[in-house]
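In what follows, a structure is listed as structure tokens, so that the remarks can point back to it.
There are 2 protein chains.
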Amino acid sequence: MKLNEGIEWAIHCCSILASLPEDAALPARRLAEFFDLPEHYLAKHLQALSQAGLVNSAKGPGGGYRLSRPAANITVLDIVLAIDGTEPHFQCTEIRRKGPSGVDPACYSKPCGIARAMWRAEKAWRDELASISLKEITDIGMQETPSLQIEKSMEWFGNVLK
Amino acid sequence: MKLNEGIEWAIHCCSILASLPEDAALPARRLAEFFDLPEHYLAKHLQALSQAGLVNSAKGPGGGYRLSRPAANITVLDIVLAIDGTEPHFQCTEIRRKGPSGVDPACYSKPCGIARAMWRAEKAWRDELASISLKEITDIGMQETPSLQIEKSMEWFGNVLK
DNA sequence: ATAATAACGGATATATAATATCCGTAAATA
DNA sequence: TATTTACGGATATTATATATCCGTTATTAT
Ligand code: SF4
Ligand code: SF4
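Quick note, the sequences are listed as chains P and Z, same order. Residues 1 to 162 (the numbering used here) are what the first sequence spells out, left to right. Residues 1001 to 1162 (the numbering used here) are what the second sequence spells out, left to right.
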């Protein structure tokens, strides 16, 4: 199993949007350019973020994407669920009901211990992701990104945001 | 993203093996029959369990699979990693290095905050799975499985183990 | 010995999902 | 009016998961 690659893209994009001036927006084309990603496919992911309400979108010249709320109020889990969907990774197919020892489905009132264990682990995963805000991500990024790259980025922003 | 369906199969199979008499073994064919699963594909997963050292296998008549150690010493994580592989779900593709602001790769000494956050969440997931032993799974199963199904299973075991 | 059972590994086929592109439409700006 | 951009649907491509098949080897029973 591999996590959707778009998750990495989306978190990076949100992190960039978080460091934008208040009234600025970046179109998909620009974000794709910044990270050297396939433009149209990234656009799909950005639309998913939009549908999840994490970003606001504006059409037309000067339009694009911006965060819909402060980065401190967006968690990494929000972004992950927006891209990956909210379905649990572990899907129960009820094999306990089948085969020669299976009995009437009505006898199984709740998910078995296996499913519950898997879902508990998934909850631990989500809880951890929910404990990290986009603001923390960007703060860490600011601290750890090589200063040369920060300079280059700022210059690029300057050009792109007119 | 969806977890490998074989994970559910494998945990169920291990649970069955855990409740077998000390010297008994079940061949893949029988396990597939018990859960109404595709025989050859299940066999692949069982071989993975074997390679991971969780079960011992014996060829020839009377052969098959049995647990390699007490169920209390096998965790759900052991089984999950045996089937799903040990690679982290989140794969870092280093997009921060690309695009117009990327700098010399040598400048990036360690994974960025995003990757670290994703991996921390994955660790929480694994820790939770590691905290549950196969014995706990089977104990819960024994308590919660409808008594009629337990009876049917016992009868089936009796016939199959000769 | 011979036949039957069963694991094992490799090769292959099929189905599903992830990745990626394309196009037409609608909205906003200049 | 022309340009920019988001959006949704359709489609193509690639990778992975699912499933089967086969030949080999080891083991047991006859
Ligand atoms: S509830 Fe248990 S038996 Fe049913 S599908 Fe889920 S894991 Fe399998
Ligand atoms: S380290 Fe950060 S930038 Fe590099 S691939 Fe991982 S998530 Fe992306």
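No residue lacks a Cβ here, since even glycine has one placed at the ideal position from N, Cα and C. Note that the structure is a prediction, hence the values are computed from the model and not measured.
8 Å Cβ cut-off: residues of chain P touching residue i
i, result
"Z/I1074", "None at all; the shortest Cβ gap to chain P is about 13 Å."
"Z/D1084", "M1"
Contacts of residue i in chain Z (Cβ-Cβ under 8 Å)
i, result
"P/V103", "P1146, L1148, Q1149, K1152"
Beta-carbon gap between residue i and residue j smaller than 8 Å
i, j, result
"P/A82", "P/A48", "yes"
"P/I11", "P/I137", "yes"
"Z/C1014", "Z/I1079", "yes"
"Z/V1076", "Z/L1017", "no"
"Z/W1156", "Z/F1035", "no"
"P/N4", "Z/M1154", "no"
"Z/K1044", "P/P100", "no"
Through-space distance from residue j to residue i, alpha-carbon basis
i, j, result
"P/L37", "P/Q143", "24 Å"
"Z/G1053", "Z/L1046", "11 Å"
"P/L129", "Z/A1117", "7 Å"
"P/E122", "Z/G1006", "17 Å"
"P/P146", "P/A58", "32 Å"
"P/R126", "Z/N1073", "27 Å"
Contact test: residue i Cβ vs ligand 2 heavy atom, cutoff 7 Å
i, result
"Z/C1014", "no"
"Z/P1111", "yes"
"Z/R1120", "no"
Backbone secondary structure at residue i - three-state DSSP
i, result
"Z/T1086", "coil"
"Z/N1004", "coil"
"P/A115", "helix"
"Z/A1124", "helix"
"Z/L1129", "helix"
"P/Y108", "coil"
"P/T138", "helix"
"Z/Y1081", "Looking at the sequence itself, residue 1081 of chain Z is Leu, so the reference to Tyr does not match. DSSP places Z/L1081 in helix when its eight states are reduced to three."
Contact test: residue i Cβ vs ligand 1 heavy atom, cutoff 7 Å
i, result
"Z/E1008", "yes"
"P/E94", "yes"
"P/I114", "yes"
Contact list for residue i against chain Z, beta-carbon separation under 9 Å
i, result
"P/Q91", "K1002, L1003, E1005, E1008"
"P/L67", "The contacting residues do not exist; P/L67 stays about 16 Å from chain Z at best."
Contacts of residue i in chain Z (Cβ-Cβ under 7 Å)
i, result
"P/R178", "The first residue shown for chain P is 1 and the last is 162, placing residue 178 of chain P beyond what the model contains."
Partners in chain P for residue i, counting only beta-carbon separations shorter than 7 Å
i, result
"Z/D1023", "Residues of chain P passing the Cβ test: none, with the nearest at roughly 22 Å."
Check: residue i C-beta below 7 Å from any heavy atom of ligand 4
i, result
"Z/A1018", "As for ligand 4, it is missing from this structure, which binds only ligand 1 and ligand 2."
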